[in-house]
Amino acid sequence: MDNQAIAQGIREAAQRLLAEGLVDCVLGYEAGTVPMRERPFFAYTPEEALRLTWSGFCCNNLANFLIRRPQGETGKVAVVAQGCVSRNIVGLIKEHQLSREQVHVIGVASPGMLDRDKVQAAVGADKVISAAHEEGDELLVEGPGWQERLERKKVMRDNCYTCVQRNPVIHNELIGEESEPTHGGVIDKVAAPWEKLDPSERLAAFGENYQDCIRCYACRDACPLCYCHVCFVDEAKPQWCGKTQDEADVLTYHLLRAFHCAGRCTDCGACESACPQGIKVRRLTGKIEKDVREFYGYAPGLDEESVPPLSVHKPDDPQGFIK
Amino acid sequence: MSPQLNPHQPVGAVMVVGGGVAAIQASLDLADTGYLVYLVEKSPAIGGVMSQLDKTFPTNDCSMCILSPKLVECGRHPNIQILTNTEVMGVEGSVGAFRVSLYQKARYIDLNKCIACGACSEKCPKRVPDLFNCGLNQRKAAHVKYPQAVPLKYSIDRDNCIYFQKGKCKACQKFCPADAVDFTQQDQELTLDVGAVVLSAGFKPFDPTPFAQYSYTSFPNVVTALEFERILSASGPWMGHLVRPSDENEPKRIAWLQCVGSRDINNCDHGYCSSVCCMYAIKEAVIAKEHSHDGLDTAIFYMDMRTFGKDFERTYEGAKDKGVRFVRSRIHSIGELPNHDLRLEYVDEKGEAKSEDFDLVVLSQGLEMDGDTARMCRGLGLELADTGFVANGSFTPVASSRPGIYVCGALAGPKDIPLSVMEASAAACAASGDLAMSRGSLIAPPEEIPQRDVAGDSPRVGVFVCSCGINIAGVVDVQAVMDYAATLPHVDYVENNLFTCSQDTQDKMAAVIREQNLNRIVVAACSPRTHEPLFQETLQAAGLNKYLFDMANIRNQTSWVHADDPAQATERAKDQVRMAVAKASLLEPLSEAKLSILPSALVIGGGLAGMNAALELARQGFPTHLVERDNQLGGNARLLRITAKGEEVAPYLAELVQRVEDEPNITVHLGAAIQKVDGFVGNFQTTLAGGEGEEMVRHGVTIIATGAAEYRPTEYLMGQHPAVKTHLELDAAIMSGELDPAKINSAVFIQCVGSREPERPYCSKVCCAHSVESALWLKEHNPECQVAILYRDMRTFGERELLYKKAREAGVLFVRYDPENKPRVEAAGEQVSVAVQDPLLGRELSFDADLLVLASAVVSHRDEALAQMFKISLDQDGWFLEAHVKLRPVDFATDGVFMAGLAHYPKPMEEAVAQAQAAVARAVTVLSKGEMSLPGTVAVIDQNRCVGCGVCWAVCPFKAIDQDENGLAVINEALCKGCGTCVASCRSGAPNLRGFSNQDVLAQIGTMLLG
Amino acid sequence: MSSNESFEPRIAAFFCNWCTYGGADLAGVSRLQYPPNIRAIRIPCTGRLSPTFVLQAFRQGADGVWISGCHPGDCHYIEGNLYARRRFTVLKSLLEYVGLEPGRLHFSWISSAEATKFQQTVIEVTEAVKALGPSKFLRKEIGMVA
């Protein structure tokens, strides 16, 4: 099934669910005002459901919006979820932010989402893009007086390329078929560029990676794991982290935020997609994802039963570094 | 002591004799339940043998680490008077009114003045063997028994002191900075009145010296197990480096010889098994392997491996996996090679003579009654058993033959630490039962001093810098530290003391706090671990909340360890003072929540343990609900014939049930189950569901005694052939008279049916003795009956070994089998035919049996629902998991819940009764208070920050965090122990730990490097 | 590194109250001498140690951080140290991944009876940090300390 057919399936499912009163609303994506910027959308009526869409530019993690519903809305919600989003939903259930009964998961296998910055770069930074259509393994990009076909794989988001769970881990209904679990990328390589370096080079690379950070916190706000009422970075008493753009403060923020994602991050890539500065935010979370997997055999959100790795311990946990 | 007004009222004091872990536990339990305790110890410090051990099995916990807090608690307890260097000369009178005469040897050090700086020992010129280290190295005549000793006071060993021998020296006196040495002290005779006596003077490690076959004195590399503990110990003669005595080289091959001084009537006259040596040998072998860098070879030479306790079998199997070798054999000689290596000549199980060389041989010495202790016990009129230990009964395991005198620990038979600790609490329970009406009569309630309200006042920090004689001032420039402290923010007062901890300085400190209107105090001195409570008392005396206090450790962690660099030591002292002041300035007064305690109990399970627990609670005056799921009381005991001592169970049980039914303080709920539990320590509300509907009971504590079940075998034709019975079925058939022994001409017992199997990798502990008892019954009632017991290891521990011997003498055939080669059973008409491969003979034996008895396992109920309701845990085999395997065997990590009997692990009846009494003693530490004060250093949740993600309640080791109706975390202060794991786990900054808050720690980090 | 010979590192040490702090006290009682470069903070349990404390110490200019608690199984709070073990396994790996030199951040299990191990560990930690020279990791410039 192609994306258009899936979008149709989503709309039909949403209309049915709303018409039958099974859910209060359906959380999905609608087309943005500019191309390649599909955005989250809550449909409350069968009519509104017609606005729902599905494409390779559905980069927001809808799990994040499940816990940021308009105030006062607590009824049952249906949500469109590909692999990572479903894993985050599982995570939110484990963290008591949602109950399974509260969500109706409209599962969709992820086609591998596309990186609009890569698309823009591929066609040339100065070109104005007026439309982008997916056609099988290709993306047809159009502008005033020009057209270009791009190989989909070449403009895929990094995290989607290394994804290991494209299919939803939970769903109440599935639109389309399940797909191959991966796109062929090797998830361990996310951390490889820095792992190869020696300590002093790593510190430099670390600083360089974040040197353009303007501390807008878009990465945090896009993340379905960041739902604290008061983020440590906003704390004044005690002040965990200075408020300046001084390198030590910037890096402290990113390190602590990454650590808070330990054993929880599904590598959905929302942070990177949200960053206005194009920072490779996943360099940190990718390392932790790998460590947690290697040390404790844990990958977040794959099932509803397993206990998150930092909330449990085993007698024979690795401790080679402890004297 | 206040005079007794009522001549019939018992004396509200108890004497505990001995200073080991059992004596300490008994003292603490009694002191915590309202009695004045005299703890009488022969040596200069308490701690006993446990203080000498390196690690403890099966968990390999550091022995001193787990013991030390108990020592300190004992030393500081207002209701415990420790009398060291003291022995009991006689006890007159009877229960309720004993008069004890004591003899106390002079210490020659004033306990009130000694600051334990060690100057006396350093200057003492006389060296003598250090008996704490088993004589492996030397100490001085002026010495402290061991570094963590309680009381932490030096003493002068008169027999070795040069002054006492030659009339001059007194170097110690000259150099003592505290003027504590007093050569004029005299030995004293004392007389004390007490209501009850608890004897827990322990055992003597068997001394192999007189027995030539062990070559202990001839060869330097033959050591006892206790010596080996000291060799392994980090505080031992070689600082924990594993070396052998002859050349201090690291051994590459070590052998342990089991049953040295146990199971041996030919040489040492100890027919009993010492119960603990198999496990400690395994522990020592595993630890030795860990110490050794390159593949140490360890071999344990044994007759039967007796790993019968909780998690022991796993430890045994684990040791095999780690490469410890187990050699079933008989050693006949130890020879020495020219390089002091040792050659063991032995006969293996098949009867072949073998020999093997080792670098070090450890004698797994047994436990025996100490001669002096035996003399004392006889002097008190106590009956001793044939084994030499104090005699007791299975249903009264801690009672001696003299009413009012109780026994616990290894002087009443060889046993391990958990059982000793259990018995100690049981003895406390028994004594407490005798004296209940005098509870609290001899102890002064703590004085309440009103606290000054300092909330909102800006900090006024007082800094007291201690010189500790020259211990600090000799290295650290105390004046410079004071001058520096005076410059720190919020510091309003600085003072130097020669000894801050001395009583007069403490009085002065209280006055200064008031006069200077100080509201935060920092003491720069020794360690908060030893002195914080003392200084906190002074704050309270000055009307200041005791939590407005911090210490800078400028002695133990500064002057003493940087003695060769005074300048840097002074810098470190300044930094630590600055950090302490920064933290102290942020400290807030903390309140200690008071929790009212309902003085009533719920006992779950109406078996032997549950009924005993209920009766003991009732005897101490606490109304008790006894819940039994069955429609009658008695539990498994109804199915048992006799104890290992030969006492019949049925008459005792009938009397016990009668006593329970007659006891007005006990409400029995038959056919009832636990439906729901709310509340926590002090205030539980438990809903019972039974035939008469639901009922809610309120209670302050809970004792879980839910028992266990007999494994129902599926193997060996069980249930398919009438000749096959389990132990309990055989007991029932004997008791009902259904079994006619004259018709049983051949009987076979198969051991370990369902135990020590992959799905149940534990030993059921009671089956070996049970089979032997039943075999003996058959032999007694039909001497012609051929009886064979097919076993893997005969685990007739303790004095049960004598039964084993008796059975062999009576002609019972014991045939070992390997688990890979289990017996095979086939029906043969009315008989069954049992075939077994005998590893000794190397051929198959077969028996045609009229009766086949299966020693089937004891299995847990794995009661997860109950565990969840009371927030307690089960172990992997489904037994309830105690708070600490060694030292808190009847407690749970959850306060106010205790356990007894088979629910904990399979055990014989005397242990179940002792555990029931122990659970009551522990429960009464709660019930007798009326009100509980909770520490102020607990976690608190800021609900504005909490998002209810659940990390905190997942990680809380004490299940002290609940969800409120909004799904947010709330701390149950009654359960919180203040570890702070929740704080460090939370991403949202919702929890904080009072006394160690984020702000406090950050203040220390922030000021650490400002110097 | 000859340039580091005169360098005296500053090391933030976090000790759990029940085991390592006791071991440190015992080292004192035993008069075991060790370098004066550590500054100790007593915490109830290694389970109490928030990862951010480690970052704060480096931010404030510590050249090394050392955390020590009870051996597995010895925890006064049953399992606080076991949660800490996981937390710090992940943290240490993360910090070294972003350029903290191995040798700046140390962990140990030291019981209250292991005075010698305490002494040896201080020496090891001090030497390791000394060899690395002053730390630049996350260090706030003077005057900018939060």
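Chains as they are written, first to last, in the working numbering: chain A, 267 to 589; chain B, 15 to 1025; chain C, 14 to 159.
Heads up, the beta-carbon is just placed ideally off N, CA and C, and yes, glycines get one too.
Mind checking if residue i is an interface residue toward chain C, Cβ cutoff 9 Å exclusive?
{"i": "Val492/B", "result": "no"}
{"i": "Lys553/A", "result": "yes"}
{"i": "Asp578/B", "result": "yes"}
{"i": "Gly1020/B", "result": "yes"}
{"i": "Cys79/B", "result": "yes"}
{"i": "Val575/B", "result": "yes"}
Suppose you measure from the CA of residue i to the CA of residue j; what does that come to, to the nearest Å?
{"i": "Ser148/C", "j": "Gln363/A", "result": "41 Å"}
{"i": "Asn326/A", "j": "Tyr564/A", "result": "25 Å"}
{"i": "His504/B", "j": "Val492/B", "result": "20 Å"}
{"i": "Glu462/B", "j": "Met593/B", "result": "31 Å"}
{"i": "Glu551/B", "j": "Val997/B", "result": "28 Å"}
{"i": "Cys489/A", "j": "Asn330/A", "result": "6 Å"}
{"i": "Ala126/C", "j": "Ala968/B", "result": "31 Å"}
{"i": "Ala445/B", "j": "Gly418/B", "result": "7 Å"}
{"i": "Val516/A", "j": "Thr65/C", "result": "14 Å"}
{"i": "Val558/A", "j": "Arg936/B", "result": "42 Å"}
{"i": "Lys757/B", "j": "His346/B", "result": "43 Å"}
Consider the Cβ of residue i: report whether some Cβ of chain B lies at a distance smaller than 9 Å.
{"i": "Glu538/A", "result": "no"}
{"i": "Thr129/C", "result": "yes"}
{"i": "Pro490/A", "result": "no"}
{"i": "Leu39/C", "result": "yes"}
{"i": "Trp79/C", "result": "no"}
{"i": "Leu45/C", "result": "yes"}
Look at the Cβ atom of residue i, then the Cβ atom of residue j, and state whether they are nearer than 9 Å.
{"i": "Ser870/B", "j": "Val801/B", "result": "no"}
{"i": "Val407/A", "j": "Ala397/A", "result": "yes"}
{"i": "Gln520/B", "j": "Ala487/B", "result": "no"}
{"i": "Tyr168/B", "j": "Ile123/B", "result": "yes"}
{"i": "Ala59/B", "j": "Pro165/B", "result": "yes"}
{"i": "Ala185/B", "j": "Ile170/B", "result": "no"}
{"i": "Ala499/B", "j": "Val375/B", "result": "no"}
{"i": "Ile56/C", "j": "Phe28/C", "result": "yes"}
{"i": "Ala36/B", "j": "Ala438/B", "result": "yes"}
Which residues in chain B sit within 8 Å of residue i, going by Cβ to Cβ distance?
{"i": "Val573/A", "result": "Ala968"}
Going along chain B, which residues have a C-beta under 7 Å from residue i?
{"i": "Pro504/A", "result": "Asn1012, Gln1013, Leu1016"}
{"i": "His520/A", "result": "Simply none; closest approach about 15 Å."}
Is there a Cβ of chain A sitting closer than 9 Å to that of residue i, yes or no?
{"i": "Val961/B", "result": "yes"}
{"i": "Gln23/B", "result": "no"}
{"i": "Asn958/B", "result": "yes"}
{"i": "Leu113/C", "result": "yes"}
{"i": "Ala159/C", "result": "Annotation note: pLDDT 37 at Ala159/C (below 50); position unreliable, coordinate value reported separately. It does; some Cβ of chain A falls within 9 Å."}
Check the Cβ of residue i against every Cβ in chain A and list those closer than 7 Å, keeping chain order.
{"i": "Gly981/B", "result": "His362"}
Can you pull the chain A neighbours of residue i, defined as C-beta to C-beta under 9 Å?
{"i": "Ser999/B", "result": "Leu576, Ser577"}
Determine the chain C residues that contact residue i at a beta-carbon separation under 8 Å, and present them in chain order.
{"i": "Ala192/B", "result": "Residues of chain C passing the Cβ test: none, with the nearest at roughly 16 Å."}
Alpha helix (DSSP H) runs contained entirely in the segment 892-930 of chain B, provided each spans 4 or more residues: DSSP runs (the alpha helix (DSSP H)) wholly in the segment 892-930 of chain B: none.
If we require 3 or more residues per run, which beta strand (DSSP E) segments fall completely within the segment 651-710 of chain B? List check, beta strand (DSSP E) in window: 680-684, 687-694, 697-704.
Those runs of the alpha helix (DSSP H) which lie wholly inside the segment 107-174 of chain B and span at least 4 residues: DSSP runs (the alpha helix (DSSP H)) wholly in the segment 107-174 of chain B: 133-137.
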